[in-house]
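Numbering (the working numbering), first residue to last: 574 to 884.
We put the CB at the ideal spot given by N, CA and C, even for glycine.
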């Protein structure tokens with residue numbers, strides 16, 4: 574005997590679907606407008622570099638982003654001759670990269686942001702509120718990108734709207750881009766205040782951690798069946814997001830004084846989100862939690878020493 578369904582169940586379900594569709598449409602419109610603004614900002618920065626009118630901060634951010642691109646490519650090169658590396662070593666290397674990203678977020682982004690915010694507003698608590706606001710914006714940025722960008726992870730598979738219409742290689746590219754964009758933005762923001770004592774340590778740390786990250790990405794693609802040259806090329810291609818992110822970061826953070834601590838918080842929030850949401854879970858999926866955690870601690874310590882030595 575068929576179950577009796579309430580008369581208003583179908584209309585209620587229809588209203589729920591319509592409400593969700595409107596919410597996704599509004600979120601997609603907001604993200605589209607934000608991306609348009611980003612493209613315009615990048616076009617302005619690139620035109621200044623090409624016509625020779627770029628500020629020292631813009632040139633320094635571009636060089637820092639190119640350093641991240643170069644080390645990402647360097648890290649991927651062993652994939653030309655190696656098909657895979659031991660999973661424990663890969664997880665340890667990703668843990669090392671995660672530790673350096675966490676330390677860079679703390680020592681090269683959050684602490685300078687708190688100092689700058691407190692100095693601008695004349696109050697340390699208000700300065701902290703500004704930095705926390707920036708962190709929230711960074712998390713929202715990564716949530717939006719994660720929700721609306723089709724991408725694929727090595728273990729969890731494809732996700733995001735339209736992933737079924739994308740070739741797997743491009744899903745990998747988009748997944749890697751979600752990691753590299755906030756790193757590039759952090760480099761750009763770190764130079765926006767004109768203080769090389771902030772920019773150089775952070776750029777050094779990100780460039781160094783891009784080496785094991787580039788290797789891990791290229792090895793994951795080799796294990797997924799990609800040819801050596803294609804795996805290296807895609808890993809290197811993902812590194813292009815670092816100089817572009819650097820231009821975006823310096824552009825967003827140098828418009829007004831208060832944008833600098835907000836930008837530092839935004840970059841830190843985005844990087845911490847990536848570490849917690851993507852990198853650490855990836856290193857713990859294969860039963861190598863201990864070496865991955867030891868790698869994270871080592872990376873954190875190395876970055877802390879670098880920050881102290883170079884600042």
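**Message:** If you follow the alpha helix (DSSP H) that residue 573 is in, where does it begin and where does it stop?
**Reply:** Since the first and last residues shown for the chain are 574 and 884, residue 573 lies out of range.
**Request:** Answer yes if the segment 637-649 comes into contact with the segment 756-772, meaning at least three C-beta pairs across the two stretches below 8 angstroms, and no otherwise.
**Result:** yes
**Item:** Contact set for residue 867: own chain, Cβ-Cβ below 6 angstroms, skip 5 residues either direction
**Value:** none
**Request:** Report buried or exposed for residue 657, applying the criterion of at least 16 other Cβ atoms within 10 angstroms of its Cβ.
**Result:** exposed
**Prompt:** Can residue 844 and residue 672 be called in contact, C-beta distance under 8 angstroms?
**Reply:** no
**Asked** What are the complete alpha helix (DSSP H) segments, minimum 4 residues, inside the segment 759-785?
**Response** none
**Request:** Compute the Euclidean distance between the alpha carbons of residue 582 and residue 829, then round it to the nearest angstrom.
**Result:** Low per-residue confidence applies at residue 582: pLDDT is 48, beneath 50, and the placement is therefore not dependable enough to give any value.
**Prompt:** Hey, is residue 672 close to the ligand MG, as in C-beta under 7 angstroms from one of its heavy atoms?
**Reply:** Inclusion of the ligand MG in the displayed structure is not the case, the ligand content being empty and no account of it being possible.
**Item:** Whole-angstrom distance between residue 676 and residue 872, CA atom to CA atom
**Value:** 8 angstroms
**Request:** For residue 727, collect the residues of the same chain with a Cβ closer than 8 angstroms to its Cβ; drop the 5 residues on either side in sequence, then sort them by chain order.
**Result:** Confidence at residue 727 is low in this model, with a pLDDT of 49, below 50, so the placement of that residue should be treated as unreliable; the coordinate-derived value is given next. Cβ neighbours of residue 727 beyond the five flanking positions: 793, 796, 797, 855.
**Prompt:** Could you give the distance in angstroms between the alpha-carbon of residue 654 and the alpha-carbon of residue 806?
**Reply:** 14 angstroms
**Message:** When you compare the CB positions of residue 771 and residue 685, do they come within less than 8 angstroms of one another, or not?
**Reply:** yes
**Item:** Proximity to residue 904 [Cα-Cα], best of 846, 837, 863, 785
**Value:** The shown model of the chain, from 574 to 884, leaves out residue 904, and the question about it has no answer.
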